[in-house]
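Structure first, then comments.
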Amino acid sequence: MSFWKPTAIALTANLCFATSAFAQGMDQLVQLEILDGGRTPEGTYQGALRLKLKDGWKTYWRAPGDAGIPPQFDWSRSRNVGDVEITWPAPLVFDQNGLQSIGYENQLILPVEITPQNPAKPVRLRGEMDLGVCKDVCVPGRLGFDHTLDAQAARNPAIAAALAQRPFSAREAGVAAASCHLKPTTDGMQIEAHVTMPSAGGAEFAVIEPGNPLLWASQAETKRDGNTLIARTEVTNVSGGPFALDRSEVRITVLGASHAVDIIGCDAG
Numbered sequence: 063m064s065f066w067k068p069t070a071i072a073l074t075a076n077l078c079f080a081t082s083a084f085a086q087g088m089d090q091l092v093q094l095e096i097l098d099g100g101r102t103p104e105g106t107y108q109g110a111l112r113l114k115l116k117d118g119w120k121t122y123w124r125a126p127g128d129a130g131i132p133p134q135f136d137w138s139r140s141r142n143v144g145d146v147e148i149t150w151p152a153p154l155v156f157d158q159n160g161l162q163s164i165g166y167e168n169q170l171i172l173p174v175e176i177t178p179q180n181p182a183k184p185v186r187l188r189g190e191m192d193l194g195v196c197k198d199v200c201v202p203g204r205l206g207f208d209h210t211l212d213a214q215a216a217r218n219p220a221i222a223a224a225l226a227q228r229p230f231s232a233r234e235a236g237v238a239a240a241s242c243h244l245k246p247t248t249d250g251m252q253i254e255a256h257v258t259m260p261s262a263g264g265a266e267f268a269v270i271e272p273g274n275p276l277l278w279a280s281q282a283e284t285k286r287d288g289n290t291l292i293a294r295t296e297v298t299n300v301s302g303g304p305f306a307l308d309r310s311e312v313r314i315t316v317l318g319a320s321h322a323v324d325i326i327g328c329d330a331g
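Counting in the working numbering, the final residue of the sequence shown is number 331, and the numbers go up one at a time with none missing.
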């Protein structure tokens, strides 16, 4: 789910389309390679996309914040790929020209687990990634990849480290309850999430994703009331039309100084 609202495009465009930055070329700012991690006991392939960024440059999480560019993947030219599951490491929150963005700096190792259509045949990952990279300005671009995965590859420490950086599940983080209070607004719907959980450390920052690619959620206001974290956001339809919100698809990510927490679904408030 993108955190990129159509009304924010003009502001983002001012950051993204700087001629001097484009002159450098995307391939001079970030390099993409596929890492091998071999086969899992379940018969899937463990791999990763590694993005090496030029010093001082950042790229974005799946919900990039009000100043970010959402990453997109095209796996359609791959061979013998039945399913691709991405594990996002916990991101950082950045202040960018007075707006907050969410992502990674210097390097991103993004684990992908591939289920082959035919376990007896090789798996070839071939496709493209659309992304944005930012420093003083932001540059959108597209990177291609083409790699046949090595079924005999050994466990990759870099992939293992990235997997270990994933957010805790609700159970792992001791989440006792999560509810969503819904209220109509002029432009859409307000979600006020109440999550009963121990602190994730420091000043917590919550991200609410509606779970529908046609819906956009504003940056959440986050506060604590004892053991309850309260996050409030407004959801709108990018087409401007009416919509229904399925609480079971709402995803709440809490980013704290100690760890992050990934909460899937919320009860009626």
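By construction, the Cβ of each residue, glycine as well, lies at the ideal position given by its N, Cα and C atoms.
Quickly, what does DSSP pair residue i with across the bridge? List them, please.
{"i": "R228", "result": "The partner list for R228 (beta bridge, DSSP) is empty, contrary to what the question assumes."}
{"i": "S242", "result": "It is worth fixing the name first, because residue 242 is Cys in this sequence and not Ser. DSSP lists A255 and A330 as partners of C242."}
{"i": "Q93", "result": "K114"}
{"i": "D98", "result": "G109"}
{"i": "I325", "result": "I314"}
I'd like the span of the beta strand (DSSP E) that includes residue i, first residue to last.
{"i": "L115", "result": "Y107 to L115"}
{"i": "G318", "result": "Segment: none, G318 is in no beta strand (DSSP E) and carries neither H nor E."}
{"i": "V146", "result": "V143 to I148"}
{"i": "A125", "result": "K120 to G127"}
{"i": "D136", "result": "Q134 to D136"}
Since residue i contacts residue j with CB under 8 angstroms, what's their CB separation in whole angstroms?
{"i": "R228", "j": "A125", "result": "15 angstroms between Cβ atoms; not a contact."}
{"i": "L115", "j": "V174", "result": "Rounded, the Cβ-Cβ distance is 19 angstroms, inconsistent with contact."}
{"i": "A322", "j": "A262", "result": "7 angstroms"}
{"i": "L161", "j": "A129", "result": "4 angstroms"}
{"i": "L343", "j": "S138", "result": "Nothing in the structure corresponds to residue 343, since the chain is present only between 63 and 331."}
{"i": "A181", "j": "G105", "result": "A quick correction: the sequence has Pro, not Ala, at residue 181. With 8 angstroms as the limit, P181 and G105 qualify as a contact, their Cβ atoms being about 5 angstroms apart."}
{"i": "T366", "j": "F267", "result": "Residue 366 is absent from the model: the chain starts at 63 and stops at 331."}
query = Unbroken beta strand (DSSP E) runs of length 3 or more, entirely within the region 151-227: which are they?
reply = 154-158, 161-167, 169-178, 186-196 and 200-210
key: Unbroken stretches of the beta strand (DSSP E), 3 residues or longer, contained in the region 263-301   = 267-271, 277-279, 283-287 and 290-299
query = Do the region 299-316 and the region 240-250 meet, that is, are 3 or more Cβ pairs less than 8 angstroms apart?
reply = yes
query = Does the count of Cβ pairs from the region 159-172 and the region 105-120 closer than 8 angstroms reach three?
reply = Contact between the region 159-172 and the region 105-120 is present: three or more C-beta pairs spanning the two stretches fall below 8 angstroms.
inquiry  = Within 8 angstroms, do at least three Cβ pairs link the region 281-291 to the region 214-232?
reply    = no
inquiry  = When you compare the region 139-154 with the region 87-101, are there three or more beta-carbon pairs, one atom per stretch, that lie closer than 8 angstroms?
reply    = no
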